[in-house]
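Going from the sequence shown to the working numbering is simple: count from 1 and add 1316.
Before any comments, here is the structure.
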Amino acid sequence: MAGPGSDKREAILNTALTLFVERGFYGTPTSLISKEAGVATGTLFFYFNTKEELIDTLYLRVKAEAALAMCRGLDDEPNTASRLRQLWKNAVEW
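This is the structure in structure tokens:
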């Protein structure tokens, strides 16, 4: 079971992603991320040393989610051509 610390970290990540999409990286101060996430700014910096580390973590998370989504069902396909079709379908749907 995830503890309260991981809940705060998740809140920071989810809030940062939303704000970066809406306002851009440079238009989103860490003070706004922490305020919207319901944590102190110091808490944000406890989990992420810099705003760059925060966006790097988000990038790796989104990249991993995309890879999982695109590979879904590939093992069920009988040959390479159908695997490639499934890969493209997954990519479009993701």
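Where is the CB? At the ideal position from N, CA and C, for every residue including glycine.
Per the coordinates, the alpha-carbon of R1388 lies some 7 Å from the alpha-carbon of N1406. One thing to note: L1360 has its Cβ no nearer than 9 Å to the Cβ of I1371.
Here the region 1323-1333 lies against the region 1373-1393, with 3 or more beta-carbon pairs under 8 Å apart. About 6 Å separates the beta carbon of T1346 from that of T1357, a gap short enough to meet the 8 Å contact definition. In the DSSP assignment, L1390 falls outside any alpha helix (DSSP H) and carries neither an H nor an E.
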